[in-house]
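Undergrad:
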Amino acid sequence: MYGQPPPMLSTYEKGTTRNEEVERGLMARDKVVAKVKNELEKAHGRMKKYYDQDRRDVLEQIGEVAYKLELPSTSRLHLVFHVTVLKKRVGNSSLISSDLPAFDTEGNLLIRPITALRYRNWKKRCGMTKL
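Each residue of the sequence shown is one higher than the last, beginning at 1 in UniProt numbering.
#1: Can you find at least 3 beta carbon pairs, one from the region 23–39 and one from the region 105–118, that sit closer than 8 Å?
#2: If I follow the unbroken beta strand (DSSP E) through Leu59, where does it start and stop?
#3: Please return the same chain residues whose Cβ sits closer than 6 Å to the Cβ of Asp57, not counting the five positions on each side in sequence.
#4: Looking only at C-alpha atoms, which of Gln4, Leu100 and Leu79 sits nearest to Ala34?
#5: What does the alpha-carbon distance come out to for the pair Ile62 and Glu39?
#6: Tell me the residue span of the beta strand (DSSP E) that contains Ala66.
#7: Taking Val80 as part of the beta strand (DSSP E), name the residues at either end of that continuous run.
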């Protein structure tokens, strides 16, 4: 995905190890990898859908600084845009994180807060409690 081949990760064939704990771990890993691949494909499809939804094709370049875009017939905008109103692509597409998120044994995403952004004191009958 994202223009780069995925790292090679071989699947486990059941019964190729004598250690039951290793076998369970490798089978759980394969389930997590399959779930991650499925979720990545769904996310890719969603991103493509939203990208293509707002994308407009350039019909022609008018001079050096203006473009005529293909807009819906219901649009009340002028079809010719100056380059200053078009959005520039920002970022480097080659920087892709290869770190996978952490999952538990059931394949659920492990989410842990890095830090508390704010807290407040809650008054109870038995005293103050920090939340």
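Just so you know, even glycine gets a beta-carbon here, dropped at the ideal spot from N, CA and C.
TA: Well, looking at it:
#1: Verdict: yes, contact present.
#2: Note, Leu59: beta strand (DSSP E), Val58 to Ile62.
#3: Beyond the five residues adjoining it in sequence on each side, Asp57 comes within less than 6 Å, by CB distance, of Glu70 in the same chain, given in chain order.
#4: The residue with the shortest Cα to Cα distance from Ala34 is Leu100.
#5: Cα to Cα, the separation comes out at about 42 Å.
#6: Bounds of the beta strand (DSSP E) holding Ala66 are Ala66 to Leu69.
#7: For Val80, the enclosing beta strand (DSSP E) begins and ends at Val80 to His82.
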